[in-house]
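Heads up, the sequence shown is in our numbering, so the first residue is 975 and it goes up one at a time. By construction, the Cβ of each residue, glycine as well, lies at the ideal position given by its N, Cα and C atoms.
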Amino acid sequence: MDMYRFRRNLLGTAFLSALSIPCAFAFTPTVEITEPSGIHYVAGFPASVNVTLNLSVFNTSNNNCITNGIKSITVNAQHGDDPATTIHTSSSDPINNSTQLCPAPYGFNWSVPAPGSYTLLVTVKHGNDTGVDTETVEFLMLTVEYPAPPAVANAYINSVPLYKSASGKKRGCIISKIAEKHAKLADDPSGYGPKGGPYDEPAIRQDVDLYYAGAGC
């Protein structure tokens, strides 16, 4: 075989080999944490919080949406400098919409154990491709303040035309009596309730009725 024919056969073999190699496309998921974000005020802990994500996967060869092909979703949360913990995982075809959606919404409930700053890390896998997103959120305790007994008494007086028309002296006497009783009996079952509340508003209104009728005022 002459050198020209040898080179021609070699190039032909290389060309056929190249055709036999399958083309590989990356189907990397796109992940967006939509909630929670920023600062959240809650009434107490543990706090129930909804976590919502938007997930997309496109076939790079034709741009078709293939989000239903997502195989697993894992969400870790790190509280301050503490080690991260897994707060949610789904490894059995978590997205199964009748029509493929890009983005596809996904959500779960998270029980936040304590106040402070949390960093969420979402990892989504589609085949061998992985998409990630992070979000830092802060949870603060919301302090609930109850109107103090004198304020409750004053509001009740304003709601009753007869009481509202009474003299300023009588109104002041009634409110003073309510405040005095609350100060003396804050930790007593016969009082209006502990300092800071909640308070027994029916008992406060009942005492306003008594004081208006002449019991001490």
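- Restricting attention to G1018, P1077 and N1024, the CA atom closest to the CA of E1006 is found in P1077.
- Judged by DSSP in its simplified three-state form, N1071 adopts coil rather than helix or strand.
- With 16 or more neighbouring CB atoms inside 10 Å of its own CB, A1051 falls in the buried class.
- F1082 sits close to N1024, with the two beta carbons spaced by under 9 Å.
- Cβ-Cβ separation between T1002 and P1079: approximately 19 Å, too far for a contact (criterion under 8 Å).
- As DSSP reads the structure, N1028 sits in a beta bridge with E1006 and P1079.
- Look at the beta carbons and you see the segment 1086-1101 not touching the segment 1130-1147: under three pairs across the two are nearer than 8 Å.
- By the neighbour-count definition (other C-beta atoms within 10 Å, threshold 16), V1106 is an exposed residue.
- Between the C-alpha atoms of I1149 and A1127 there is a straight-line separation of about 6 Å.
- Residue environment: S1133 is assigned as exposed (fewer than 16 neighbouring CB atoms within 10 Å of its CB, all protein chains considered).
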